[in-house]
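To start, the structure under review is shown below, and the notes come after it.
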Amino acid sequence: MGRLLLIWRLAARDLRCRPAQAALLLVVIAAAMTSLTLGLVLHGVTAKPYAQTQAQTAGPDVAASSVGYGGDSETFAALAHAPGVTAHSGPYPVAWPVLRAHGVSADVMAEGRDQAPAVVDQPKVLQGSWVRPGGVVVERAFADALGIHVGDTVTLDGKPFPVVGIAVTAAVPVYSQVCFYGGCSGPAGRPKQFDTGLIWLTQPTVRGLAGSANPLTYYLNLRLSDPAAAPAFVSQHQPPPTNGPAALTSWQSLSAAAGTLVSQEQNVLSPASWLLSLLALATVAVVAGGRMAEQERRVGLLKAAGATPSLAAIVLLAEHLIIAICAAGVGLAAGWLVAPLLTSPGASLVGAASAPTLTLATVLLVVVVALIVATASTLVPAVRAARISTVRLLTGSVRSPRRQAWLIKLSSRLPVPLLLGLRLVARRPRRTLLSGASFTVTAATIVAVLIYHATVHHDALRTGPYSGAADPGQARVDQVLLVVTVIMVVLAAANALFTTWATVLDARRFSAIARSLGTTPRQTASSLSVTQLLPALTGALLGIPAGTALYGAVQDSGSQAGLPLLWLVFLVLGMLAAVVALTAAPASISTRQPIAQILQSEAA
Amino acid sequence: MNQSDEPVVRARNLRKDYGSEEGLVRAVDGIDLDVIRGETVAVMGPSGCGKSTLLHLLGGLDRPTAGEVWLAGQRIDEMSERALAHLRRSAIGFVFQAFQLMDELTVLENVELPALLAGRSPRAACRRATELLEQVGLTQRMTHLPTALSGGQRQRVAIARALANEPVIVFADEPTGNLDSVATTELLGLFDALHTSGLTLVIVTHDERVAATADRLISMRDGAFVGDTRLTGGSTGNLARLAGLDG
């Protein structure tokens, strides 16, 4: 107990002496842990809103579309009387016109309904009223995407209709997943649009929208005696597969589709959190490495006072472990608080998602990852410092600069800033590698995000002039990507700044000697910037193929647009410009102190 | 003795303060000094008397609080850092007590560095460095790192480095402070050779043997000069006797 108390006191005392550094490490690790927590808690949070919507709309256990039955209308209609079916509504006629509102066009599934309530699937009207002759009711998420309100006028294949109501249903997949399930139709030869919306009109109106080139299909809603057996019912009665989606969809599949918005966010957050953890690891290693130079003397004092090497190493590690545990706590709390912003089920469903649950597994995983990040960057220096002789630790002769003969020879042919910059890089290769890794991760993330946007834009162009409505799933993914990218860039910028400061401190004597030999302040400051420009350039170039591979790994399948060369050039130049801007201040500050004072203080 | 009447270094009412108010320390207090071309000047005094500070001010490594410093005909106390850097590159050589070599560079790389910084080609810089190392007797050690050298050898490397760009003046701050007597003796011979070649030297030292090699001995106490003695004949022809080497 006495030893533990001693370790705690020593570690806490050092943290109190350097609060800025400790806070910095905590923020860096906490940012990564917040992202990790979000990625872990988003799973399965939308089941409740779908259940509420199903309850309030008398949602079906199985939804059937005639698209998958070809022309076999008898078999389709017979589903309503299949064993296990206790109630049904429909078959309802469905037309596939093009809706236009506020200058935006979109394909729609127009379902013809009775004015009287149905036993199975009666959409819940949230604004206005239910269908009436000549009027159209719009599904809420689709209405939000197009900015449609009750009282607006929309056109269907050029014919105007007033909007009389806004409603939600559990019988059709949430917008914009309509065409992933249940089967979409439309004019022959037109590809199915991902942003197909759902509207309701009276049955005669819907029949009037169909034509020989765009025939009606039918939709049937079934209630089963055993709702849990819906997947089995679907398997039993599913017609032979065609080139389109399945004809029968269970409520379990519809519920899963309802989670698409959140699962799309999770698909972004999960890899992003690991990337952020990698970046945090690199940043912590740089900051911890910079602290090690001061810590080594402290270890020497501890050993001179009688501490064993293991105790000295443990004290060093303990500080970082304390920070890591605190950061894990901050990350868990922040992730739990932010999660509701991302778990909104969207406008297609009623009710709110359940509060995200922090399971023991989630807490343990986040804590373990935080400890790994802190330990991986400090374990080796701590153990090394503990093994080195006390005298060397006290005299500060531990961290001698490395020699890279080929770099020194190469640099002699270069202008002065590059000559000195390369030699500074050669002195601390590990720091340069960490810095390069940090820039590579950042560049890869930005490239992956750019590819995502390019692919979305390319797909939108390819699908023709009808697309125009906002995709809520894409909008939320865009937001999450933006936040992740901003955090990534901030961390990378912090990394560049810390690395430059560490280099400035480490190279004080080197720079002072160079200045005494005739290097101007601008040349000295430029050489310090070069130590970051080289890993930034390498990282930016490596980040291009890495980001392409990252996007491919996350997307798993699907199209991937190529990036215009100009974008890549701007990316590389932008990163270099950012590094120059970030390193200018610490680099120039380092040249203001008189040479004699630096040399005397370094010799002391 | 090879001298001209043109002062290479001139200081007027030079002052350097550290701290403020009750904590004010006046390290250099109203110094006037002229050093003419080809002269070797030794500055002696007890520890803390300000002699190193004086050297740093004369060599442009620090800024005076008041007064003027002229070097090679240019006033340097108000000069920009950029202009000072150019002057250090072309006109000044500095030898430090702690050698201040770059540990990760070989002897040859350390000596050729000033020439590279001055814009010379790598070949020319290497050639010049090789000549200088030959002069200081370290040809056999060209590819060694400083950590593999003795103190005396490191200081000889530092002197060679200081001469890389053929400076007008060399400032040496306690060049034998970290050396044993044998190394000191070797260094005395080197300084004598430099003096004979007409180089202007200002040496801060507390070693009387070093001071005895000079043309002029300035005594310093509490930041001010307390004595300025011209040594008759300087060290030419007397080095061996002064260093106790003539058996």
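Each protein sequence line maps, in turn, to chains V and H. If you count by the numbering used here, then the first sequence holds residues 429 to 1032, one letter each, in order. If you count by the numbering used here, then the second sequence holds residues 6 to 252, one letter each, in order. Built from N, CA and C at the ideal position, the CB exists for glycine as well.
Using the C-alpha atoms, what's the distance from residue j back to residue i?
i, j, result
"residue 110 of chain H", "residue 190 of chain H", "27 Å"
"residue 132 of chain H", "residue 174 of chain H", "22 Å"
"residue 104 of chain H", "residue 171 of chain H", "19 Å"
"residue 877 of chain V", "residue 603 of chain V", "24 Å"
"residue 94 of chain H", "residue 912 of chain V", "49 Å"
"residue 916 of chain V", "residue 1027 of chain V", "38 Å"
"residue 235 of chain H", "residue 222 of chain H", "6 Å"
"residue 669 of chain V", "residue 647 of chain V", "18 Å"
"residue 450 of chain V", "residue 201 of chain H", "59 Å"
"residue 210 of chain H", "residue 159 of chain H", "18 Å"
"residue 517 of chain V", "residue 649 of chain V", "5 Å"
"residue 1001 of chain V", "residue 958 of chain V", "14 Å"
"residue 892 of chain V", "residue 529 of chain V", "Low per-residue confidence applies at residue 892 of chain V: pLDDT is 45, beneath 50, and the placement is therefore not dependable enough to give any value."
"residue 882 of chain V", "residue 989 of chain V", "6 Å"
"residue 757 of chain V", "residue 801 of chain V", "14 Å"
In three-state DSSP terms, what is residue i?
i, result
"residue 893 of chain V", "Because the pLDDT at residue 893 of chain V is just 44, under 50, the model does not fix this residue reliably, and the value given afterwards should be weighed accordingly. Here residue 893 of chain V sits in coil by DSSP."
"residue 72 of chain H", "strand"
"residue 41 of chain H", "strand"
"residue 866 of chain V", "helix"
"residue 24 of chain H", "coil"
"residue 443 of chain V", "helix"
"residue 579 of chain V", "coil"
"residue 989 of chain V", "coil"
"residue 548 of chain V", "coil"
"residue 603 of chain V", "coil"
"residue 828 of chain V", "coil"
"residue 157 of chain H", "helix"
"residue 1000 of chain V", "helix"
"residue 509 of chain V", "helix"
"residue 679 of chain V", "helix"
"residue 821 of chain V", "helix"
"residue 34 of chain H", "strand"
Look at residue i and residue j and say whether their C-beta atoms are less than 7 Å apart.
i, j, result
"residue 964 of chain V", "residue 1004 of chain V", "yes"
"residue 661 of chain V", "residue 490 of chain V", "yes"
"residue 854 of chain V", "residue 727 of chain V", "no"
"residue 712 of chain V", "residue 927 of chain V", "no"
"residue 540 of chain V", "residue 469 of chain V", "no"
"residue 76 of chain H", "residue 14 of chain H", "yes"
"residue 879 of chain V", "residue 979 of chain V", "yes"
"residue 565 of chain V", "residue 628 of chain V", "yes"
"residue 557 of chain V", "residue 526 of chain V", "no"
"residue 215 of chain H", "residue 176 of chain H", "no"
"residue 574 of chain V", "residue 532 of chain V", "yes"
"residue 1015 of chain V", "residue 962 of chain V", "no"
"residue 22 of chain H", "residue 70 of chain H", "yes"
"residue 197 of chain H", "residue 218 of chain H", "yes"
"residue 67 of chain H", "residue 1022 of chain V", "yes"
Beta-carbon within less than 8 Å of residue i's beta-carbon, same chain only, minus the 5 sequence neighbours each way: which residues are those?
i, result
"residue 485 of chain V", "549, 550, 551, 552, 596, 597, 598, 599"
"residue 431 of chain V", "739"
"residue 149 of chain H", "111, 112"
"residue 186 of chain H", "none"
"residue 80 of chain H", "73, 74"
"residue 83 of chain H", "none"
Apart from the five residues on each side of it in sequence, which residues of its chain come closer than 6 Å, Cβ to Cβ, to residue i?
i, result
"residue 561 of chain V", "630"
"residue 1084 of chain V", "Nothing can be reported for residue 1084 of chain V: it is not among the residues displayed for chain V, which extend from 429 to 1032."
"residue 250 of chain H", "With a pLDDT of 43 at residue 250 of chain H, under the threshold of 50, the modelled position of this residue cannot be trusted, and the question is left open."
"residue 230 of chain H", "223"
"residue 571 of chain V", "594"
"residue 835 of chain V", "850, 854"
"residue 157 of chain H", "184, 188, 191"
Tell me which same chain residues have a C-beta within less than 7 Å of the C-beta of residue i, skipping the five on either side of it?
i, result
"residue 815 of chain V", "737"
"residue 116 of chain H", "134, 137, 138, 162, 165, 166, 169"
"residue 695 of chain V", "982"
"residue 89 of chain H", "65, 81"
Beta strand (DSSP E) runs contained entirely in the region 907-939 of chain V, provided each spans 3 or more residues: With a minimum length of 3 residues, no continuous beta strand (DSSP E) run stays inside the region 907-939 of chain V.
message: What ranges does the alpha helix (DSSP H) occupy inside the region 695-778 of chain V, keeping only unbroken runs of at least 4 residues that lie completely in it?
response: Those alpha helix (DSSP H) runs which fall completely within the region 695-778 of chain V and span 4+ residues are 737-770.
field: Inside the region 59-119 of chain H only - beta strand (DSSP E) runs reaching at least 3 residues
entry: Counting only runs of 3 or more, we get 71-76, 97-100.
Ranges of the alpha helix (DSSP H) found wholly within the region 163-189 of chain H, counting only runs of at least 4: None, since the region 163-189 of chain H contains no complete alpha helix (DSSP H) of that length.
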